[in-house]
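Asker:
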Amino acid sequence: MTDTACGMVYVVDDDQDLGAAVARLLRRHGHVAEPFLDPAPLLEVYERAPAHCIVTDVMMGEIDGFDFADRVRLLDPAVAIIFMTAWPTTANAVDSVRRYGGLDYLEKPIDEDRLLAAITEGVAWSKAQRSALARTAGLTPRQRQVFDLLVKGHNNQAIAAALDISPKTVEDHRAAIVAKTGTNGIAQLIALAR
Amino acid sequence: MTTLAKPFVEPHTPSRATTVLPTVADLPWLVGYALAFLAAHHIAAEWGGRGFYSLLYPAAGFRIALLWRRGPRLTLAIIVAEILVQIGTGVIDPRSAGWLTALIGVIRPPLVYGLIVLLVRTMADRAQTSMSVAPMPLGLASVGAPAAAALTALPWSLLRPNLTGVSGLRETVTSLTGFVVGDLLGVLLLAPPLLWVADLATGGTLRPGRPSMASVAEAVVILVASFAIEILLARIGLGTPHTPVLLAVAWIGLRFGRLASWLAIVVVAAMVLPQTAMPMDMGGRLALHMSLASIMVVGYLAGSFADAQARVRVDLERRDRLLFQAERLKTLRAMSVAVIHEISQPLSTLAIEAKHLHELTVSADVEIATTAALIDRKAAALSTLVRRLRRFGGRTVDVPTPLPLATLIDTVAALARPEAKSHGVTLSIDAVAPDLVILAQEVELAQAIVNLVRNAVQACGNGTVTLGVTRTNRGVELVVVNGSRSTRPEQPGMGVGTLVARAIVEAHGGTLSRVTDTAGNTRATIALPLVGEPE
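Which chain is which? The protein sequence lines are V and A, in order. Residue 61 in this note's numbering sits at position 61 of the first sequence; the count goes up by one each step and never skips. Residue 1269 in this note's numbering sits at position 269 of the second sequence; the count goes up by one each step and never skips.
(1) For the region 1031-1047 of chain A and the region 1057-1071 of chain A, state whether three or more C-beta atom pairs, one from each stretch, are separated by less than 8 Å.
(2) Does the distance from the C-beta atom of A132(V) to that of L189(V) stay below 8 Å?
(3) Where DSSP assigns a beta bridge to T1371(A), which residues make up the other side?
(4) Please give me, in chain order, every unbroken run of the alpha helix (DSSP H) with length at least 4 that falls completely inside the region 1186-1262 of chain A.
(5) Under 8 Å: do the region 1268-1288 of chain A and the region 1313-1323 of chain A share three or more Cβ pairs, one atom per stretch?
(6) Distance cutoff 8 Å, beta carbons only. Does P109(V) sit that close to anything in chain A?
(7) Counting only runs of 4+ residues fully inside the region 1392-1462 of chain A, write out the alpha helix (DSSP H) ranges in chain order.
(8) Kindly list, in the order they appear in chain V, the residues whose Cβ is closer than 7 Å to that of T1349(A).
(9) Closer than 8 Å by C-beta to P1000(A): which residues in its own chain qualify, once you throw out the five before and the five after it? Chain order, please.
(10) A86(V) CB to nearest chain B CB: under 8 Å?
(11) Quick check: what's the CA-CA separation for T1407(A) versus G61(V)?
(12) By a C-beta neighbour count over all protein chains shown, 10 Å radius and 16 as the cutoff for buried, is Q1447(A) buried or exposed?
(13) Listed from N- to C-terminal order along the chain, which residues in the region 1309-1324 of chain A have their beta-carbon within a distance smaller than 9 Å of any beta-carbon of chain V?
(14) Between S1175(A), G1237(A), R1170(A), which has its C-alpha nearest L1151(A)'s C-alpha?
(15) Closer than 9 Å by beta-carbon distance: list the chain A residues that pair up with L25(V), in chain order.
(16) Give the interface partners of R1387(A) over in chain V, defined as CB-CB distance under 7 Å, in chain order.
(17) Say whether chain V places a C-beta atom closer than 8 Å to the C-beta of S1142(A).
(18) Is there a Cβ of chain A sitting closer than 8 Å to that of T181(V), yes or no?
(19) For a contact meaning CB atoms closer than 8 Å, what does R28(V) contact in chain A?
(20) Could you spell out the range, first to last residue, of the beta strand (DSSP E) harbouring E1554(A)?
(21) Just to confirm before moving on: does the CB-CB distance between A33(V) and L26(V) stay below 8 Å?
(22) Between the alpha carbons of V1106(A) and S1513(A), how many angstroms are there, rounded?
(23) Cα separation between P50(V) and D76(V)?
(24) Given this structure, state the Cα-to-Cα distance separating I1043(A) from V1091(A), to the nearest angstrom.
(25) Below 8 Å, can you find three or more Cβ-Cβ pairs linking the region 89-108 of chain V to the region 144-155 of chain V?
(26) Taking the beta carbon of R1387(A) as the centre, do at least 16 other beta carbons fall within 10 Å, making it buried, or is it exposed?
(27) Using a 10 Å radius around the Cβ and a threshold of 16 neighbouring Cβ atoms, would you call P1492(A) buried or exposed?
(28) Going by DSSP in three states, I1092(A) sits in which element: helix, strand or coil?
(29) Please state the DSSP three-state secondary structure of V58(V).
(30) What does a CB cutoff of less than 7 Å around L37(V) pick up in its chain, not counting 5 residues either side in sequence?
(31) Report the partner residues of C53(V) according to the DSSP bridge assignment.
(32) Does the beta-carbon of R1073(A) have 16 or more other beta-carbons within 10 angstroms, so that it is buried, or is it exposed?
(33) Assuming V12(V) contacts D57(V) under a Cβ cut-off of 8 Å, what Cβ separation, rounded to an integer in Å, is found between them?
(34) In chain order, what residues of the same chain have a beta carbon less than 8 Å from the beta carbon of V1437(A), not counting five sequence neighbours either side?
(35) Would S1363(A) count as contacting chain V if we go by Cβ distances under 8 Å?
(36) How would you list, in chain order, the residues of chain V whose beta-carbon sits under 8 Å from the beta-carbon of Q1345(A)?
Here it is in structure tokens:
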């Protein structure tokens, strides 16, 4: 496994043995993995040590898996979340992906190959998100406004009208955005915005 | 799953007149009817009167019994039989001028009887109230047919008084009352026992249990007491009100059912009818017969009601037992889901670690490597089983999806094999062509097949149950076959498994049939449509 496919993964499960076993499994496959018994302590430390991917149980004590997913998304929109559960239902499976932005919904006992595939996919997605965010992070607020309109397909005139500035100024902002993000053309800009 | 109610409804002969022509099987019945009609018609003449044929008409009893037993489709045949008898006896004389009137007079009653029986049966098939519970429909027809036959005679009597020999409203009403009373007495006296005997002969009904001495004594005491009261009232000059006997017969009917009420009616009739056969004045005779008719109606309806109640009670008890069973299954299901959940947590850990151990020990000592590989394989198999069991036991709201039959049969095999093994039965499953796809709710349909396999395993006598799939020109057939049972005791099942299987299969647009051949082998066949088959 190459280094680019490996990432930082947190495993949250109220069954200590299972959490530890999954974390060890992931470490064996090259990831940096850490088990957590309870989502609350993880939320406290998360901002200082964000992960690429979180594998979480759905049914837990005070904070359930879905609640936890909502909170961690607020802290970090670029983390991939994978749910696992011993009480699978069709409704939860659909919700986990559509409402809580989960990457997969795994049934216990865990299908190991599927878990590993999902983690690899999640780590790759998260890394792409992070690099895109990093490249647009240096934009000024005004440049950010221009960027948002550009990737929606507006031309310079339209952007100038919308932001009440001259087309020449829009042109300047555009040059700055291209320079800061290191992109080449509108197609790459749109790819960043995804 | 509403179709579950279906098997509880007893099958009965089709009520609609599919054909008006009698079959060969009907002929003995019709010949018997013609002879009985001839005899009964003659006996009835003893109680004859002006404007009506008789105040006691047993032929009507034979008629309604035949219509009820063999279906209203025989109406036309019965009319022909009656016409032939009446031509033979000279009632219809083709050479006389009034032959047409006589012919219509002969045709009208059986025609109306046939229509009423048809109407009552159609109504009973559709009604969901106590009126549709046997023997209420027969009671209704027994009272309704004579009344309707008399009513249809009313316009005839009013328009053509010269033909019936009565004139004026008073005489017309007297004549019609005589008609109704005569037919009613005949029907109530004969139809119930005739039908009961016919049912008994074909095994359609259970032989009644021997009544207890206390019941017989109670009925006799009540009947005798009611007669004593009537005689006493007559002796002290208070006239002859028949209320005591009426109440006694009603009591007997409500307490002991239709057979008892009929016996009581026969006793009452045996005491009244010989008196009225002797010359006596018309008013007194009519009054006695009308009282007798009311006693019969009340007694018969009371008996029918008691029987219907008894049947409903038996049905309710059966359903209560089913509900109890269902409740137990619900608890069992909740327990298994909890157990599966509790197992799946540690099993997850076990499977992951076992696989790791297996990978670590591949190049170790052969003994260690073999043991680790075995643990890994067993943990993986157990994980698959737990996932499958949970899918089966969990609450699923899945819509039917295209499902390869091979997958379904695999699931069934995994679920049914352990039980077959514990019964010492080999479950032999034929290979299934991979291109057979059905539209199914997998969990439900698997349940249906497992139920059939389970029944087959429990009834199996020769140690093998086979499950085969064959393609037919209308879809696909799943066949579960088991050999005859020779020594095994009857299992205390209630047939719920088959009921559930049938309901599920029918919800999938299929059919379920079970056939036991002469050698005692049972074949349960589920026929299902395939996906993408032309309709």
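Beta carbons: idealized from backbone N, C-alpha and C, even for Gly.
Answerer: Answer, in terms of the structure:
(1) yes
(2) no
(3) Paired residue(s): none; T1371(A) is not in a bridge.
(4) 1213-1235, 1243-1256
(5) no
(6) yes
(7) 1405-1422, 1442-1459
(8) D17, L18, A21
(9) Residue 1000(A) lies beyond the stretch modelled for chain A, which goes from 1001 to 1535, so this question has no answer here.
(10) Reference to chain B is not applicable here, since the protein chains of this structure are V and A.
(11) 37 Å
(12) buried
(13) none
(14) S1175(A)
(15) I1352, E1353, K1355, H1356
(16) E107, P109
(17) no
(18) no
(19) H1356
(20) Residue 1554(A) lies beyond the residue range present for chain A, which begins at 1001 and ends at 1535; the question has no answer from this structure.
(21) yes
(22) 47 Å
(23) 8 Å
(24) 15 Å
(25) no
(26) buried
(27) Since pLDDT at P1492(A) reaches only 49, below the 50 mark, its modelled position is unreliable, and the value read off the structure follows with that caveat. So P1492(A) ends up on the exposed side.
(28) coil
(29) coil
(30) D14, Q16, G19
(31) V9(V), A80(V)
(32) buried
(33) 6 Å
(34) P1402, L1403, P1404, L1405, L1530, V1531, G1532
(35) no
(36) D15, L18, A86, K108
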